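**Q** Numbering (our numbering), first residue to last: 14 to 777.
Every residue gets a Cβ at the ideal spot worked out from N, C-alpha and C, and that includes glycine.
Just so we're clear, the structure is a prediction, and the values are computed from it rather than from any experiment.
So this is what it looks like as structure tokens:
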């Protein structure tokens, strides 16, 4: 939205207005006096010159007949802001022949209102309403504003009101007094003050603004009066031109900012502040499965939203591993709210027992979901979020920050724009920020220089990447599902392309946990993955290098690279290869939230409340307990990360977990806290929670005879420790009988597989 820039306020024009209203012939403009009537007539002419639709609202007072003047500068469309600028034009009046001009109080305020109306006429976005009210009888009890407030309160809109009483002398700062649900106005004024350099300070503005506030309307009173008001010294000559221009410039900028917030003013039985915030959209970052599930829940509840996707299409990250098949079958891969949107469209649900590839997940689920009418018009592709803050508030400022809209800075096609939002849900995932190859969380020496030889996670070696791997020696680094998948497809390639060699480097002394649960795994595809890798290692088709921690990479002159590992005792291992696949997981990028108040766990990078529930030292995917909005909340109200990013570096995320997170967060944003905290999700039992795994010496094939007894067990498997966080799992006392469930269990965990973080049973 581009709002035409208003011209600079005219001090000369405003001074002329003040001089006219403060002239002797108007005799101080006392209510129900000839001078007051003359002032009203002159102001009616001024409103006519504005080409505004005006009206006279007469009412009786103890002093006699009075009248307010109203004018519509720009009509408000339904659902768009209705902004009122108000100022009283009456004065205390001349007494006993002594002229009391009332220049600062409040001819100056009237001059500012008229000037702002002139400057903004025809320059606000279409549908944004701007009206002015010139009020009578303020000096005998704010009776004019009481009359006007009653009319507004009885109407169908809840307007945003800026009242000006005094613009004669700045004296350091403009006094600000707020009432009603005024936070949107205060936010706009804060932005305006910073932009114009006009200082603002809380202060008493004992004027018409208090009548609007008493009626429950959103109002801010502004005052910059000067000493000597209500006296003969309140003359036009003393009113400072620079104060008039400062006040007018401030109000112009504030009104422009309010107009840009796209707030609505329809009454819905709640406070104005909630009305304004509710009309701003919820911004969802990312159009992957969790982002689109979030959109589906928002649509289901009728909450306005926008989905901002950096890629060229929905599911952009998943498309990069579209050749990989998920472990979890379709019945766990489709969000309930998304299904409810899809079914009326004639969409054919996939076989619930079949496990999709990433490409199938995109084409059979995400693409049709994004095309539903409830979601399609709200998706913005090629919109990369570069920063998030609060409007007019940086991370340091505390006062009322929770009421300031979010400012979401977006870059699209080289153009940067700012969007406002009532809440932000970050479902952008971690695919774009893979972990480095180096063993200490830092890049290996020479890693940057060797970047051309390194692929991350899941290259399609049987597809577009075939030429880079055929007949070459590849080192796969990592012990999770992504590594296992890559090893298997490389083995297939080796059968077809002579000279193709595979080495597999892991940090631990044994690959047993990378082999997973085998037949004991309730997700058969996941169990089979480890079984196949183990078989290939035993056959010698994959060379396993354990206790390998990459310290340095050197590019050799023959087009190969040398990778060096050094253990704690100084022992070196060196392997020379043609390609490297760094299947070492991912980490979240928190750089866009630098101006928000986040409480991140220092180890995982999730919220502190969530960290102990997903700790890979203690949990695998299937043992993460239910969690939702309470565990995802930050000190920054209404900002949440959901999906893979919410887990930080923990690799224990499952896709269905993200769906439940989205449902819980959206319910909370809708005020439905009972639903938000009712955390129930059906997931498959992993079948792997004991220390010994199938194939290890002494394994019992699951819980075996230990069922029903409480004893120390270790939670882990590839999903829990294979990211190299531990060489051995930590013991945890747990009821081993939990492994024996023959039916699906209720927990906050769901499904897919290959985009792992640190090892992964994750999605995106």
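The beta strand (DSSP E) spanning residue 586 covers which residue range?
**A** For the purposes of this step, residue 586 is taken as the residue at position 573 of the chain shown. Looking at the DSSP string, the run of the beta strand (DSSP E) that includes residue 586 is 585-590.
**Q** Out of curiosity, what's the CA-to-CA distance linking residue 546 and residue 520?
**A** As a first step, residue 546 is located in the chain shown; it is residue number 533 there, counting from the start. As a first step, residue 520 is located in the chain shown; it is residue number 507 there, counting from the start. Going from the Cα of residue 546 to the Cα of residue 520 covers about 17 Å.
**Q** Could you tell me which residues DSSP puts in a beta bridge with residue 666?
**A** Counting from 1 along the chain shown, the entry for residue 666 is found at position 653. Its beta-bridge partners do not exist; DSSP assigns none.
**Q** Within the same chain, show all residues whose beta-carbon is closer than 8 Å to that of residue 686, passing over the 5 residues directly before and after it, in chain order.
**A** To locate residue 686, count along the chain shown from 1; it is residue 673. Once the five neighbours on either side are set aside, the close Cβ partners of residue 686 are 680.
**Q** Can you give the beta carbon distance from residue 242 to residue 192, rounded, assuming they're within the 8 Å contact cut?
**A** Taking the first residue of the chain shown as position 1, residue 242 is located at position 229. Taking the first residue of the chain shown as position 1, residue 192 is located at position 179. With a Cβ gap of about 22 Å, residue 242 and residue 192 do not count as contacting.
**Q** So, at 6 Å on beta carbons, what are the nonlocal neighbours of residue 663 in its own chain, with the 5 sequence-adjacent residues on each side left out?
**A** Mapped onto the chain shown, residue 663 falls at position 650. Around residue 663: 617, 627 and 629.
**Q** Apart from the five residues on each side of it in sequence, which residues of its chain come closer than 6 Å, Cβ to Cβ, to residue 478?
**A** If you number the chain shown from 1, residue 478 lands on position 465. Only 472 meet the Cβ criterion.
**Q** Compare the beta carbon distance of residue 173 and residue 47 with 8 Å and say whether it is the shorter of the two.
**A** Along the chain shown, one-based indexing puts residue 173 at 160. Along the chain shown, one-based indexing puts residue 47 at 34. No, these two residues do not count as a Cβ contact at 8 Å.
**Q** Leaving aside the five residues before and after residue 86 along the sequence, list all residues of the same chain whose C-beta is less than 6 Å from its C-beta, in chain order.
**A** To locate residue 86, count along the chain shown from 1; it is residue 73. Counting only Cβ-Cβ distances below 6 Å, and skipping sequence neighbours, we find 65, 130, 134 and 143.
**Q** Just the Cα atoms here: how many angstroms apart are residue 727 and residue 555?
**A** Reading the chain shown from its first residue, position 714 is the one you call residue 727. Reading the chain shown from its first residue, position 542 is the one you call residue 555. With a pLDDT of 26 at residue 727, under the threshold of 50, the modelled position of this residue cannot be trusted; read the value that follows with caution. The straight-line gap from Cα to Cα measures roughly 28 Å.
**Q** Look at the Cβ atom of residue 49, then the Cβ atom of residue 149, and state whether they are nearer than 8 Å.
**A** One-based indexing of the chain shown puts residue 49 at position 36. One-based indexing of the chain shown puts residue 149 at position 136. Yes, the pair counts as a contact, with Cβ atoms nearer than the cut-off.
**Q** By the DSSP assignment, the alpha helix (DSSP H) with residue 661 in it spans what residues?
**A** The residue labelled residue 661 in the question sits at position 648 within the chain shown. Residue 661 -> no alpha helix (DSSP H), and no H or E assigned at all.
**Q** Can you give me the start and stop residues for the beta strand (DSSP E) that residue 505 sits inside?
**A** In the chain shown, residue 505 corresponds to position 492, counting from 1. Premise fails: residue 505 lies in the alpha helix (DSSP H), 494-509, not in any beta strand (DSSP E).
**Q** What's the C-alpha gap between residue 731 and residue 497?
**A** To locate residue 731, count along the chain shown from 1; it is residue 718. To locate residue 497, count along the chain shown from 1; it is residue 484. Only weak support is given to the placement of residue 731: the predicted model assigns it a pLDDT of 29, under 50, and the value that follows is read from those uncertain coordinates. For residue 731 and residue 497, the distance between alpha carbons rounds to 10 Å.
**Q** Among 303, 180 and 693, which has the Cα closest to the Cα of residue 248?
**A** Counted from its first residue, the chain shown places residue 248 at position 235. Of the listed residues, the one whose Cα sits closest to residue 248 is 180.
**Q** Using the rule of at least 16 other Cβ atoms within 10 Å of the residue's Cβ for burial, across every protein chain shown, is residue 285 buried or exposed?
**A** Position 272 of the chain shown, counting from 1, holds the residue named residue 285. With a pLDDT of 36 at residue 285, under the threshold of 50, the predicted position of this residue should be treated as unreliable, though the coordinate-derived value follows. It counts as buried.
**Q** Return the chain-ordered ranges of every alpha helix (DSSP H) run that is complete within the region 159-220 and spans a minimum of 4 residues.
**A** Fully enclosed alpha helix (DSSP H) runs of 4 or longer: 196-209.
**Q** I'd like to know whether the C-beta atoms of residue 421 and residue 437 end up nearer to each other than 8 Å.
**A** Counted from its first residue, the chain shown places residue 421 at position 408. Counted from its first residue, the chain shown places residue 437 at position 424. Going by C-beta atoms, residue 421 is nearer than 8 Å to residue 437.
**Q** Over the uninterrupted beta strand (DSSP E) stretch that includes residue 605, give me the two end residues.
**A** Within the chain shown, the letter at position 592 stands for residue 605. Neither: residue 605 is in no beta strand (DSSP E) and is coded neither H nor E.
**Q** Using 10 angstroms around the beta-carbon of residue 699, count the other beta-carbons present and answer buried if the total reaches 16, otherwise exposed.
**A** As a working mapping, residue 699 is identified with position 686 in the chain shown. Because the pLDDT of residue 699 is 45, which lies under 50, any placement of that residue in the model is unreliable, and the number read from its coordinates should be weighed accordingly. Buried, since its Cβ has 16 or more Cβ neighbours within 10 Å.
**Q** So, helix, strand or coil for residue 447, using DSSP?
**A** By 1-based counting over the chain shown, the position of residue 447 is 434. Three-state result, residue 447: strand.
**Q** Identify the residues that DSSP records as bridge partners of residue 431: which are they?
**A** If you number the chain shown from 1, residue 431 lands on position 418. Answer by DSSP bridge pairing, in chain order: 422.
**Q** Compare the C-alpha of residue 222 against each of 581, 431, 190 and 245 and name the closest.
**A** In the chain shown, counting from the first residue as 1, residue 222 sits at position 209. It is 190 whose Cα lies nearest to the Cα of residue 222.
**Q** Kindly indicate if chain B contains any beta-carbon less than 8 Å away from that of residue 186.
**A** Absent from the structure: chain B. Only one protein chain is present.
**Q** Return helix, strand or coil for residue 528, following the three-state DSSP convention.
**A** Along the chain shown, one-based indexing puts residue 528 at 515. Here residue 528 sits in helix by DSSP.
**Q** Might you give, ordered along the chain, the residues of its own chain that have their beta carbon closer than 6 Å to the beta carbon of residue 212, omitting 5 neighbours on each side?
**A** Looking up residue 212 in the chain shown gives position 199. The residues are 186.
**Q** Is the beta carbon of residue 600 closer than 8 Å to that of residue 499?
**A** Position 486 of the chain shown holds residue 499. Position 587 of the chain shown holds residue 600. No. Outside cutoff.
**Q** Using the Cα positions of residue 35 and residue 316, report the straight-line distance between them to the nearest angstrom.
**A** Stepping through the chain shown from its first residue, residue 35 is reached at position 22. Stepping through the chain shown from its first residue, residue 316 is reached at position 303. Spanning the two alpha carbons is a distance of roughly 51 Å.
**Q** Give the secondary structure of residue 679 by DSSP, where H, G and I count as helix, E and B as strand, and everything else as coil.
**A** Translated into the one-based positions of the chain shown, residue 679 becomes position 666. The answer is helix: DSSP assigns residue 679 an H, G or I state.
**Q** Helix, strand or coil, according to DSSP, for residue 119 in the structure here?
**A** For the purposes of this step, residue 119 is taken as residue 106 along the chain shown, with counting starting at 1. In this structure, residue 119 counts as helix in the three-state DSSP scheme.
**Q** If you compare alpha carbons, which of 265, 380 and 62 is closest to residue 136?
**A** For the purposes of this step, residue 136 is identified with residue 123 of the chain shown, where counting begins at 1. Among 265, 380 and 62, the Cα nearest to that of residue 136 is on 265.
**Q** Note down the Cα distance separating residue 355 from residue 21, rounded to an integer number of angstroms.
**A** Position 342 of the chain shown holds residue 355. Position 8 of the chain shown holds residue 21. Distance between the alpha carbons of residue 355 and residue 21: 53 Å.
**Q** Which runs of the beta strand (DSSP E) spanning at least 3 residues fall entirely within the region 49-75, listed in chain order?
**A** Runs found: 66-74.
**Q** Tell me the DSSP bridge mates of residue 558?
**A** Taking the chain shown and counting its residues from 1, the one referred to as residue 558 is at position 545. BP columns for residue 558 point to 518.
**Q** Taking the straight line between their C-alpha atoms, what separation do you get for residue 403 and residue 298?
**A** Translated into the one-based positions of the chain shown, residue 403 becomes position 390. Translated into the one-based positions of the chain shown, residue 298 becomes position 285. When rounded, the distance between both Cα atoms is 16 Å.
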